[in-house]
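Okay, so the sequence shown: first residue is 0 according to numbering that gives the first Met the number 0, each after it adds one.
Every residue, glycine too, gets a C-beta built ideally from N, C-alpha and C.
Just so we're clear, the structure is a prediction, and the values are computed from it rather than from any experiment.
Read through the structure below, which is laid out as structure tokens, and then see the notes.
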Amino acid sequence: MQIPKEQRSAIGEAVVKLEREFYGRGPSAVRVSVATGDLSVITVLSVDSLSAMDRTLAERGKVDAVVAHHQSLHDATAVDFCTAVGALVGDEPDAYLSQVDPATGYAVRVFVFTSE
0 MQIPKEQRSA
10 IGEAVVKLER
20 EFYGRGPSAV
30 RVSVATGDLS
40 VITVLSVDSL
50 SAMDRTLAER
60 GKVDAVVAHH
70 QSLHDATAVD
80 FCTAVGALVG
90 DEPDAYLSQV
100 DPATGYAVRV
110 FVFTSE
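Shown next as structure tokens:
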């Protein structure tokens with residue numbers, strides 16, 4: 000699977016749009032990277048992805064609450080993110096993983112494709 004620069008940019012824009020829609024704000028920046036081989040993996044790193052509520056909870060020691068909140072939201076919106084990325088690359092992801100780091104505000108989404 001080849002993912003040219005234009006497609007990587009479109010993937011980043013789609014993730015920002017969905018994060019704004021679902022979280023009320025988008026990240027300050029995104030980085031999209033692609034690894035190919037037996038599997039194709041698209042990784043989207045969102046920078047500064049925490050809301051004011053998330054930052055307050057994390058600063059006051061409620062990191063588990065931030066992680067649980069984001070994991071629930073990631074689970075609830077997985078189809079939306081997979082559909083958007085799948086439409087851009089012409090193939091549905093075979094696996095999707097996501098996580099947030101409350102200490103840094105980084106969030107990562109990983110889309111795994113097994114077909115060539």
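{"Item": "Nearest by alpha-carbon distance to PRO26: which of ALA51, VAL66 and LEU38 is it?", "Value": "ALA51"}
{"Item": "For VAL78, is the classification buried or exposed, using 16 other Cβ atoms within 10 angstroms of its Cβ as the cut-off for buried?", "Value": "exposed"}
{"Item": "To the nearest angstrom, report how far apart LEU87 and VAL99 are at their CA atoms.", "Value": "24 angstroms"}
{"Item": "What residue does the beta strand (DSSP E) around ARG30 start on, and which one ends it?", "Value": "28-34"}
{"Item": "Considering only C-alpha positions, which residue in the set SER32, GLU20 and VAL40 is nearest to GLY11?", "Value": "SER32"}
{"Item": "Just confirm the distance between the C-beta atoms of THR76 and ASP93, as a whole number of angstroms; I'd bet it's less than 8 angstroms.", "Value": "About 18 angstroms separates the two Cβ atoms, so there is no contact after all."}
{"Item": "Where does ASP63 land, buried or exposed, given buried means 16+ other C-beta within 10 angstroms?", "Value": "exposed"}
{"Item": "Less than 7 angstroms between C-beta atoms, sequence neighbours within five positions excluded: which residues of the same chain meet that for VAL15?", "Value": "GLY25, PRO26 and VAL29"}
{"Item": "What three-state label does DSSP hand GLN1 in the structure shown?", "Value": "coil"}
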